[in-house]
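The structure under discussion appears below in the form of structure tokens.
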Amino acid sequence: MQVRSFLLQLVVVVLCCLTQYKLVKLTCAVKYWEPFIYNGDVMLGVFVPIHSLWESSPSQEPEVTILGFKFLEAILSTIDAINSRKNYLNYTLGAIVFDSFSNAEIALRQSLSFIGLNISSFCGPVCGRVDPPPVEEKPITALIGPAYSDVSLSVASLLKLFAVPQVSYYSAAPKLSMPGRYPTFYRTIPSVRDAIKTIVHLLGVYHWNYVNVIVDNSDYGESNHGVLLEMLRNSNHTLCIDKRIQLSDGHTDMWEMDQTMSELLNSSAAVNLILCSAHLGDLALKAVQRWPHEKRDRFLWIGTNTIEPDFPMLRPNQTAQNEGERTSFKNINNVLLVLPRLRYSDELEAYSVSLNRSYGQNTWREEYLMWECSCIPNGTVTTYKDPIGCTEEREQQCVSLLNDDAIFYLPNTVNAVLAVAESLKKIQDRCSRDGPCYPDGSIAFRNRVLKILDTISFTGFGGEEFHFTMEGDGKPQFTILAHIGGGALWHTFAECDASTKTPICNATGVVEDLVTAKYPYSRCCNPCEVGSATTYDTQIPCCWKCTECSKDAIVETVDRSNNNHVPKATACVYCAPGTRPNQNQTKCDDLPVDFMSIADPSAIAMCALCVVAILLSSLVLAIYLHNWNTPVIRASGRETTLVLFAGIFCSYVTPIIVLSHRPTMYVCSWATIAPGLCSTISYAAIYVRISRIDRIFRLAANPVSSATRFVSPGSQILFMVLLICADVLVLAVTMSLWPPTVTQILSGSNSYLGPRRWEQNGSVIILKGLDTNPVVCFSSLFIPQFAGMLIPIFLMLVSLLHAYKIRKVPCGYNEARQLGVVNYVNLLLFVIAPILMLTFRLTSRELLPLSGLTFLMATNQLVVLIMPKLYIILFTPEKNTTGNVLQRDRSQTQIRGVHVINELDERWCEGLSTISSARCRHSLGGLHELSAVNLVSSRLEGPKVELSRQRSISLVQTPCERQHRELRPRCVTTGHTSASQLQHGCRAVSFHLNDDVSKADDDSDQHVPLLNGRVSSERTEHHVPLDETMLGSDGATSDHSSVSNLSFEKFHFSSKPPS
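All letters in the sequence shown, in the order written, are residues 1 to 1059 by UniProt numbering.
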């Protein structure tokens, strides 16, 4: 043991020699104060910070601290209370009190006295002062203190070598919670580690995720910063540090301190954590007080008890006195302090700082009173020769300053002394069983004290149970005070218990609302706007940047963590085809499916028109059937009329089918087939009718032609069926090669554009910027949509050719003009419909142009080809006769020519002239010379009458008559001349005009044949009535023998010239 003790003393001496120069510089720069001895049988070492002397300013006089004397009074009062207990200890406790000057190196030198070493003589020769009186070197049983963490760390590092129990009442450094490193250190307050744990919990709960931290380069500051980083990493919340302000003892110049603290103004964080030592924290806050109030109030300041030495200002839920304005938080309105739990009790109410205690020649009390109150209260025992007494008002203020802040330091200070006393009591109680029972200051006895302290539990201040934690700390319970909105009133913000993994805090609702209303968050960036993705910085997880998403994308969360206190990481994700982001771009909503149905207004209008047209067509068909055997209906061809009606009905039904149902395979197939098929049915009927009339009248013009064939009803139906089957075959081939598909048009982004397969018989096309998802039949206009129209177009062109050929046939058969109108309108429809289909392509209204095409085609045919005959049937039934059906349309030139001939023949009255189909030529120009005007003038001059007569004969005589050179033609009758005509001398001429005459009307070089009596009589004998052949065509045979000898209706002209 002696060898071990010698080695320990040698180590201490070496360490002290290495630091001797700095120690001498610090301790010799001020007046030396000897320790205060508070007599007792067993001595306890006590460190209290009566004064403060910082390494950066050793030449200055030390300042009096606010709490140093109060700590001392609390310790001495507790020792007095212990000594006054009956049957408690068999000895009294005393104290050797050193002023630590809040300096670790001074306290380290002073602590050498506690282990039996006296090195105070090291200072004498250097300082040039009188040597201080020697200190009685008496080993102590335990050490109470020091107060500040830096001092405790230095002292604990030394005293652990000598197993000196050390119980601090105010040190909170996290390093001191390491039993393996500081096995002899205990404290009655919780570690700042637990305070930082509570602070981190508050940061996460109240969304203060982005903070600044103020630390220093001391062991205390560095350890606090390390603990903070550890807590942030282990927190369930995402918390980050923006600015790290590191102070040092060299920052005593206020200008330099201002420059350092002003870095906080460049931060976007709203919360500042102060985790530095008390002295530097006080200087930093004084620098902040000089900022403009708008800059100060921008931040919420959060600290622990170690940054506020001026506790008289902190009066929970009470108004502070004016004397307390020297607090570091003057003019700083928004502060949260995490303090060891404040205990309210009767013992606290009864406590007061004693002013009657005898300090001998020690002047600590007087110095403190003069510094704090500027006077000595009456009744104070003092050694001052001329003390400055206090007025009554001033004395009341001084007493208030001395006692009102006891709640902040008294419970923990009392418990520190009681912990040592209870350990001695337990050793004393076990004295008869094991070991020495009297504290002799030996290492063995101190080891027994340490073992007792590990497990001790006793009734502490205020009657509460107290015990040390496994780390040698006090209970991790905290009271959080808030100073919000100016004034001097501090409110209790919350009571927290950090003994669990996650601290449990019970906040005061009103104060909590005030704090959270003013500081709802502290973050690196503002949340992204609606429609923007949040991308976090890989270096700083609390910071993010906002990326605006396109209108086709939503903001989707990619961070699946449960941290709800910061915006979750999001990304821009394009909506699936067929969907669109909602207004907030948080999810994709399905776009409505758009297709043509009976609910659409345009479909309703078109279907209504088609229904009306079907009803009207049905009525017309009924009227046709009722007048089935009339000349007008028979002349139009009854078989072809029925087929034409079928095509019209097909065209009218098509819009109802394709517009009233959602596009399906059946609807799309019919939409592909209908235009060509319906048009083919109609044009097959038109073509067969026109071609049949053309063939019949061409044969009528050629009397030697053989009998025509294929004019029977059966042959007509066969032709129409063949044409329709040809179109069906073309449609079948095209649909087998290009089967119709239902196409779903979906709105999508650029990444989805293009065609896709959809189900078995459908396809999908992705387009950008659609408001709906149309369902269409024709994704493109190609061969299938136009192949069915090839045959109708061909039939239209051929029908036009035949219509031109029959333009001179009788009115009942002549549909040249009507067919020209129909084909012209249909041609326009065939051109316009594809253009409109291209316009409405890939929209739900794509079938409207096609429906309009079929509707207008049918209406065109109904109005132009059917309605004129319906008009004759209903409104002019007198024209529904065989004569009117066989009547030709004559020009005025032909009529004037007939009048001239009748006038000439009336003068000589030797017979009737007949223009028949004989090949005689005439000059219309010559007939025009024989007009009524010329003939009237000829009557006045006799010689000219003969000239006019000869002119007319030369124009109208037949070749056979020219051979006989007869100047006066005989009147010839055909059997239709009435007796009155013969009685009055041949006053009228009956002309039988055939198709050759009509053709001659358009050619001035042609001559109208004028037949004499013999020729006309011969032709008349072989005439077959035309009405029996044409009107009875429904039952006629195809090989009629007299088709070439057809005659026409007679036109009778008056003998009077036209007026």
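Glycine included, each C-beta is placed from N, C-alpha and C at the ideal position.
Cut-off 7 Å between Cβ atoms - residues of its own chain near residue i, not counting five sequence neighbours on either side
i: leucine 838; result: Leu781
i: glycine 578; result: Asp590, Leu591, Leu746, Ser747 and Asn773
i: aspartate 150; result: Ala104, Ser218, Asp219, Tyr220 and Ser277
i: proline 541; result: Thr238 and Cys240
i: glutamate 1018; result: The predicted position of glutamate 1018 is uncertain, since its pLDDT is 34 and thus under 50; no value can be drawn from it.
i: glutamate 966; result: Note on glutamate 966: pLDDT 41, under 50, position unreliable in the model; the coordinate value appears next. If we look at glutamate 966 and ignore the five residues flanking it on each side, it has no Cβ neighbours.
i: isoleucine 783; result: Thr734 and Trp738
Residue-chain proximity (residue i, chain D), Cβ-Cβ < 9 Å
i: lysine 587; result: Looking at the structure shown, chain D is missing, and only one protein chain is on hand.
With 16 other Cβ atoms within 10 Å as the buried cut-off, status of residue i
i: serine 352; result: exposed
i: histidine 225; result: buried
i: glycine 389; result: exposed
i: arginine 343; result: buried
i: phenylalanine 875; result: exposed
i: asparagine 415; result: buried
i: methionine 789; result: buried
i: tryptophan 255; result: exposed
i: glutamate 639; result: buried
i: asparagine 87; result: exposed
Beta-carbon contacts of residue i that lie in its chain and below 6 Å, excluding the five residues immediately before and after
i: valine 821; result: Val864
i: threonine 654; result: Ala674 and Thr854
i: glycine 462; result: Arg343, Ser345 and Glu347
i: isoleucine 196; result: Val227, Leu228 and Met231
i: serine 499; result: Pro476
i: leucine 39; result: The residue you asked about is not leucine; residue 39 is asparagine in the sequence shown. Cβ neighbours of asparagine 39 beyond the five flanking positions: Gly94.
i: valine 511; result: Ala482, His491 and Phe493
i: lysine 805; result: Asp694
Test item: CB-CB of residue i and residue j under 9 Å
i: alanine 278; j: serine 102; result: yes
i: tyrosine 170; j: isoleucine 75; result: no
i: glycine 474; j: phenylalanine 468; result: yes
i: isoleucine 866; j: valine 611; result: no
i: leucine 659; j: methionine 720; result: no
i: isoleucine 245; j: asparagine 212; result: yes
i: serine 651; j: alanine 858; result: yes
i: serine 423; j: alanine 142; result: yes
i: valine 215; j: alanine 147; result: no
i: leucine 247; j: isoleucine 241; result: no
i: asparagine 823; j: leucine 800; result: yes
i: leucine 285; j: tryptophan 301; result: yes
i: leucine 202; j: alanine 494; result: yes
i: valine 555; j: threonine 586; result: yes
i: valine 417; j: threonine 92; result: no
Residue closest to residue i, alpha-carbon to alpha-carbon, out of the options
i: leucine 677; options: Trp738, Ala622 and Leu850; result: Leu850
i: asparagine 582; options: Cys607, Gly637, Thr741 and Ser550; result: Ser550
i: glutamine 785; options: Leu829, Thr630, Leu731 and Pro810; result: Leu731
i: cysteine 525; options: Asn209, His626 and Thr92; result: Asn209
i: lysine 175; options: Val667, Ser218 and Thr198; result: Ser218
i: isoleucine 332; options: Phe299, Tyr687, Thr586 and Asp346; result: Phe299
i: asparagine 506; options: Asp513, Asp497 and Leu514; result: Asp497
i: alanine 163; options: Ala270, Val449, Val335 and Leu239; result: Val449
i: alanine 287; options: Gly303, Asp253 and Glu294; result: Asp253
i: glutamate 63; options: Leu729, Ile835, Ala599 and Ser100; result: Ser100
In DSSP terms, what residue i is bridged to
i: phenylalanine 185; result: Gln166
i: tryptophan 371; result: According to DSSP, which records beta bridges pairwise, tryptophan 371 is partnered with nothing at all.
i: leucine 746; result: Ile766
i: arginine 244; result: Val213
i: threonine 547; result: Ala533
i: alanine 726; result: For alanine 726, which the question treats as bridged, DSSP gives no partner whatsoever.
i: phenylalanine 466; result: Phe458
Own chain partners of residue i with C-beta closer than 8 Å, once the 5 adjacent residues on each side are dropped
i: cysteine 398; result: Leu369, Glu372, Cys373, Cys375, Pro377 and Cys390
i: threonine 382; result: Arg365, Glu366 and Ile376
i: asparagine 356; result: Gly379, Thr380 and Val381
Residue i CB to nearest heavy atom of the ligand MG below 8 Å
i: threonine 534; result: The ligand MG is not part of the structure shown, which contains no ligands of any sort.
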